[in-house]
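K.L.:
So for the sequence shown, this note's numbering puts the first residue at 197; every next one is plus one.
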Amino acid sequence: MDRLRQRAEFLAVAAGIRIPAPGFVLQARGEERLASRLSVVTLTLALLYQLAALRAFGLWGIVVAVGITEVTTTAVFAMGLAYARRRANRGQ
197 MDRLRQRAEF LAVAAGIRIP APGFVLQARG EERLASRLSV VTLTLALLYQ
247 LAALRAFGLW GIVVAVGITE VTTTAVFAMG LAYARRRANR GQ
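1) With a 10 Å radius around its C-beta and 16 neighbouring C-beta atoms as the bar for buried, classify Phe273 as buried or exposed.
2) Helix, strand or coil for Arg225 per DSSP?
3) Mapping the DSSP letters down to three states, classify Gly219 as helix, strand or coil.
4) Return helix, strand or coil for Leu241, following the three-state DSSP convention.
5) Taking DSSP as the reference, what is the three-state secondary structure of Leu277?
6) Count the other CB atoms, across all protein chains shown, that sit within 10 Å of the CB of Thr240; report buried if there are 16 or more and exposed otherwise.
7) By Cβ distance below 7 Å, which residues in the same chain neighbour Val237 in space, the five residues on each side in sequence not counted?
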């Protein structure tokens, strides 16, 4: 294990940016129901993005759609996390 920790690849990955994904944070806070509902929303949006981008840009549209989907998913789950925090603060 010590030898692994000295390798450049391991050190690069270990020093990477660490941002908790809002979906995991929602589940950790006990908001599984909200996380599952938001997952359905983001999957539906991803499908719509892929179909629209495929029609507009051909196969390169898939690349565009994946990028847009990642941004949208992060935004939707971040809004869901903000909603869950507000709801938890009101309940206290």
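Ideal placement from N, C-alpha and C gives every residue a C-beta, glycine not left out.
All figures in this text were calculated on a predicted structure; none of them were measured in a lab.
P.N.:
Quick look at the numbers:
1) Residue numbering aside, residue 273 sits at position 77 when the sequence shown is read from its first letter. Sixteen is the threshold: when 16 or more other Cβ atoms of the shown chains lie within 10 Å of the Cβ of Phe273, as they do, the residue is buried.
2) As a first step, residue 225 is located in the sequence shown; it is residue number 29 there, counting from the start. Looking at Arg225 - three-state DSSP - the assignment turns out to be coil, as it is neither helix nor strand.
3) For this step, residue 219 is matched to residue 23 along the sequence shown. Correct three-state label for Gly219: helix.
4) By 1-based counting over the sequence shown, the position of residue 241 is 45. Note: Leu241 maps to helix in three-state DSSP.
5) Working through the sequence shown from its first residue, we reach residue 277 at position 81. Correct three-state label for Leu277: helix.
6) Indexing the sequence shown from 1 puts residue 240 at position 44. Thr240 comes out exposed.
7) Here residue 237 is taken as the residue at index 41 of the sequence shown, counted from 1. Around Val237: Val272.
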